[in-house]
Amino acid sequence: MATIEQFRTCPTTGLKVHLAAENLIKANAVVAVVFLAVGGLFGLMVALTRWPAVHLLPADWFYLALTAHGLDVLLVWIIFFEVAILYFASAVLLNCRLAAPRVAWVAFALMLIGAVLANITVLQGQSSVMFTSYVPMPAAPNFYLSLIIFAVGALIACFVFFGTLVIAKEEKTYQGSIPLVTFGAMTAAIIAVFTLAAGAIILVPTWLWSIGYISDIDPLTYKLVWWAMGHSSQQINVSAHVAVWYAIAAIVLGAKPISEKVSRSAFLLYILFLQLASAHHLLAEPGISSEWKIFNTSYMMYLAVLGSMIHGLTVPGAIEAAQRRRGLTNGIFEWLRKAPWGNPAFAGMFLSLVMFGFLGGITGVVLGTEQLNLLMHNTLYVPGHFHGTVVAGTTLAFMSVTYLVIPLIFRRDLVLKKVAQIQPYLFGIGAGGISLFMMGAGTLGVARRHWDIGFADAVLRFEYPEVAILMLGLNGICAVLASLGGISYVVVVVGSVLFGKKMGESKLAAPVAPVTSTAGVVGEYGNAGTLKLPGTIVLVSVFMMAFILYYVVNWKYLSEIWPLR
Amino acid sequence: MSHSEPRQDGGEDERVPFMQRLLDNPFLLLFIGVTVPTVFYIIWGVMEIAQIPIAP
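Note that the protein sequences, when read in sequence, are chains A and B. Going by my numbering, the residue at position 220 of the first sequence is 209; the numbering climbs one at a time, nothing skipped. Residues are numbered in my numbering as their position in the second sequence, beginning at 1, plus a constant of 280.
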């Protein structure tokens, strides 16, 4: 059992922080940011190559950079940061010791070895198979091995999280049910276990195939099982960033969920159905029945979407309830107008919430509809959609919570505060633009994963409308904006961790200071106790109208290019 | 196994609703969260692929 000396008390939230957990949170968060910087650089090079007027990289480097970009940001940055969140949401929010810190360090080492080996292997140039690494296109054996090592480390970290939940219950460090943020993190951990197990099921035989022990792997079976990992890993992100939204709202505004039960039920819908959305990557496969496709992507996925729409109502609802409790009751939107927009944690969180819903969420439903999927399958629309979810949604949410993690966990004051205040807007606008313009180009048929969309050297060239080229140029400009936002983030984070003023036992200071003294609600179970939320109802109505309109417009578009006579 | 919790006022035990018992059990949720996609996505999907005739 941990002794009292192994804990400190957070002066802002009043939570007990296990020092071993704190060190692991720091290590995972730092490595995550390093890989975000590396992966972001590769992403900028990809976007500048897709911009026809720039066309930066030669073909072999384009595919190499695209592989490294996907690997570093979709997997390494996100999973390292999620492990930090899992340790925070268990040990810190439940006021208990972390289960088996030494095992957690082994998990960290495995993930780091896997991530470094994957990057080295890709940079050697024999593994430019892109993130999906579809067989029979071969990569070097170390490519698959590195992913297996990384996945084993991440799986161990998930079980350290579950072990910590057991310890907290055994030692009665919390009353009643676990707090909502911990429940959201648990949802992410459950999805992670399925994801990583599916990864092992497919990557172990593929590794054996790459070294000659297995003669061949069925490409369609590979694709099916690989997407159980590839898409579900993005569902870990959704659960984790929704938990982060609730956490930031609680710490900055003292916001409690409108209804714990409803929000927890929405997470249950994620646990049950979110992973099934992986099927939308196979909607154009002729060998699989419509029953399987429609059951997994329409009927079941819509239940997961219902979960997201509940969170889309309850997160702004919780914020509105907290703001109205502070006396901001004039009109419908005073609570929103007078929200702490200069606080980078809050600003980034709210932008992430809005863009995830409007850009990533709505388009995800369109992509998951079997008939509509034919409009944009394997076009740039797909990366446009997931840049709306993973970049404008998850990455921006994780960046936002970092501004609280630095003072709360690293106990350092932020440096370059003005830069920190601008950063979420810069990155958010850039990431939103990347998503929007890639989807625009994809709607016009521009292929994804293609170095030369016009087939310039081919006998038969292909001409896209001029507006598609414009979209790719705008995508490049937005990538530059997002990169400036990303560089600002890395500079503020690294500068604060290395050179920030030591805070000792001081509370959070401007610009991230909470507006109330109730930041401790982040570690409690409880409801806001009001349903009088006119502003949130208006916002949600606007979202629903946009959703219906966009869905109907796509059916009309489909009917025009595929007339039934 | 009893599904009730002692009341703070020392009175009779209050029955915990099914949904709360479910949501408070991380390992049952883990089991469900792994089983549902394994059955509906992976196993059903592999069965579909296995039924595709081999080209002559």
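We treat Cβ as the ideally placed atom computed from N, Cα and C, and that holds for glycine.
Residues that residue i contacts on chain B, provided the C-beta gap is smaller than 8 Å
i                     : result
residue 314 (chain A) : In chain order: nothing, as chain B lies at least about 26 Å away.
residue 210 (chain A) : 326, 329
residue 290 (chain A) : Neighbours of residue 290 (chain A) on chain B: none; closest Cβ ~11 Å, over 8 Å.
residue 261 (chain A) : 312, 313, 316
residue 166 (chain A) : 300, 303, 304
Collapsed DSSP secondary structure at residue i in the structure displayed
i                     : result
residue 319 (chain B) : helix
residue 4 (chain A)   : coil
residue 314 (chain A) : helix
residue 436 (chain A) : strand
residue 384 (chain A) : helix
residue 41 (chain A)  : coil
residue 505 (chain A) : coil
residue 295 (chain B) : strand
residue 282 (chain B) : Note that residue 282 (chain B) scores 42 on pLDDT, short of 50, meaning its location in the model is unreliable; the coordinates nonetheless yield the value given after this. Coil, per DSSP.
residue 15 (chain A)  : helix
residue 491 (chain A) : strand
residue 400 (chain A) : coil
residue 589 (chain A) : Here chain A covers residues -10 to 554 and nothing more, so residue 589 (chain A) does not appear.
residue 303 (chain A) : helix
residue 110 (chain A) : helix
residue 171 (chain A) : helix
residue 195 (chain A) : helix
residue 358 (chain A) : coil
residue 441 (chain A) : coil
residue 297 (chain A) : helix
residue 120 (chain A) : coil
residue 559 (chain A) : Residue 559 (chain A) falls outside the range modelled here, since chain A spans only -10 to 554, and no answer is possible.
residue 270 (chain A) : helix
residue 36 (chain A)  : helix
residue 330 (chain A) : coil
residue 278 (chain A) : coil
residue 611 (chain A) : Nothing can be reported for residue 611 (chain A): it is not among the residues displayed for chain A, which extend from -10 to 554.
Neighbour list for residue i in chain A, Cβ cutoff strictly below 9 Å
i                     : result
residue 319 (chain B) : Under the 9 Å cutoff, chain A gives no residues; its nearest Cβ is about 10 Å from residue 319 (chain B).
Residues that residue i contacts on chain A, provided the C-beta gap is smaller than 8 Å
i                     : result
residue 314 (chain B) : 179, 182, 183, 186
residue 328 (chain B) : 276, 277, 278, 281
Under 7 Å by beta carbon: chain B residues contacting residue i
i                     : result
residue 383 (chain A) : Neighbours of residue 383 (chain A) on chain B: none; closest Cβ ~19 Å, over 7 Å.
residue 264 (chain A) : 317, 321
Where the beta strand (DSSP E) containing residue i begins and where it ends
i                    : result
residue -3 (chain A) : -4 to -2
7 Å Cβ cut-off: residues of chain A touching residue i
i                     : result
residue 332 (chain B) : 276
residue 306 (chain B) : 151, 154, 175
Interface residues of chain B facing residue i [CB-CB closer than 9 Å]
i                     : result
residue 223 (chain A) : Simply none; closest approach about 14 Å.
Bounding residues of the alpha helix (DSSP H) (the contiguous stretch that carries residue i)
i                     : result
residue 147 (chain A) : 130 to 159
residue 253 (chain A) : 249 to 262
residue 450 (chain A) : Counting along the chain, residue 450 (chain A) falls outside any alpha helix (DSSP H), and DSSP gives it neither H nor E.
residue 77 (chain A)  : Residue 77 (chain A) -> no alpha helix (DSSP H), and no H or E assigned at all.
residue 370 (chain A) : 370 to 375
residue 235 (chain A) : 221 to 242
residue 550 (chain A) : 523 to 550
residue 328 (chain B) : 324 to 330
residue 341 (chain A) : 333 to 344
residue 207 (chain A) : It is not in any alpha helix (DSSP H) - residue 207 (chain A) carries neither H nor E in the DSSP assignment.
residue 323 (chain A) : 323 to 326
residue 166 (chain A) : Segment: none, residue 166 (chain A) is in no alpha helix (DSSP H) and carries neither H nor E.
residue 56 (chain A)  : 48 to 58
Residues in the segment 266 to 285 of chain A having any Cβ partner in chain B nearer than 8 Å: Listed by position, the residues of the segment 266 to 285 of chain A near chain B (Cβ gap below 8 Å) are 267, 268, 271, 276, 277, 278, 281, 284, 285.
Stretch-stretch touch, CB-based, cutoff 8 Å, three pairs: the segment 162 to 177 of chain A with the segment 72 to 89 of chain A: The segment 162 to 177 of chain A makes contact with the segment 72 to 89 of chain A, as at least three CB pairs between them are under 8 Å.
Three CB pairs or more closer than 8 Å across the segment 407 to 424 of chain A and the segment 460 to 470 of chain A: They touch, by the three-pair rule.
Residues, ordered as in the chain, of the segment 72 to 97 of chain A that lie near chain B by beta-carbon distance below 9 Å: Per Cβ criterion, the list is empty.
Cβ-based contacts, 9 Å cut-off: residues of the segment 189 to 217 of chain A near chain B: Within the segment 189 to 217 of chain A, the qualifying residues are 190, 207, 209, 210, 213, 214, 216, 217.
Three CB pairs or more closer than 8 Å across the segment 352 to 363 of chain A and the segment 263 to 274 of chain A: Touching, yes.
Within 7 Å of chain B by C-beta, residues of the segment 234 to 259 of chain A in sequence order: Of all residues in the segment 234 to 259 of chain A, only 253, 257 come within less than 7 Å of chain B when Cβ atoms are compared, listed by chain position.
Contact list for the segment 122 to 150 of chain A against chain B, Cβ threshold 7 Å: Hits within the stretch: zero.
The segment 403 to 414 of chain A / the segment 473 to 484 of chain A touching (three or more Cβ pairs under 8 Å): Taking 8 Å as the limit for Cβ pairs, the verdict is that the segment 473 to 484 of chain A does touch the segment 403 to 414 of chain A.
Validate contact between the segment 530 to 543 of chain A and the segment 209 to 221 of chain A using beta carbons, cut 8 Å, 3 pairs: No, because fewer than three Cβ pairs between the segment 530 to 543 of chain A and the segment 209 to 221 of chain A fall closer than 8 Å, the two stretches do not touch.
Cβ contact (3+ pairs, closer than 8 Å) linking the segment 227 to 238 of chain A and the segment 183 to 196 of chain A: At 8 Å Cβ cutoff, the stretches do not touch.
Segment contact, 8 Å Cβ cut-off, at least three pairs: the segment 115 to 135 of chain A with the segment 86 to 106 of chain A: With three or more CB-CB distances shorter than 8 Å, the segment 115 to 135 of chain A counts as touching the segment 86 to 106 of chain A.
Contact the segment 325 to 344 of chain A vs the segment 369 to 385 of chain A: 3+ CB pairs below 8 Å: Judged by Cβ distances under 8 Å, the segment 325 to 344 of chain A makes contact with the segment 369 to 385 of chain A, as three or more pairs qualify.
At least three beta-carbon pairs within less than 8 Å, the segment 275 to 289 of chain A to the segment 224 to 232 of chain A: A contact between stretches requires three or more CB pairs, one per stretch, nearer than 8 Å, and the segment 275 to 289 of chain A fails this requirement with the segment 224 to 232 of chain A.
Cβ contact check for the segment 202 to 216 of chain A and the segment 303 to 315 of chain B: 3 or more pairs under 8 Å: With fewer than three CB-CB distances shorter than 8 Å, the segment 202 to 216 of chain A does not count as touching the segment 303 to 315 of chain B.
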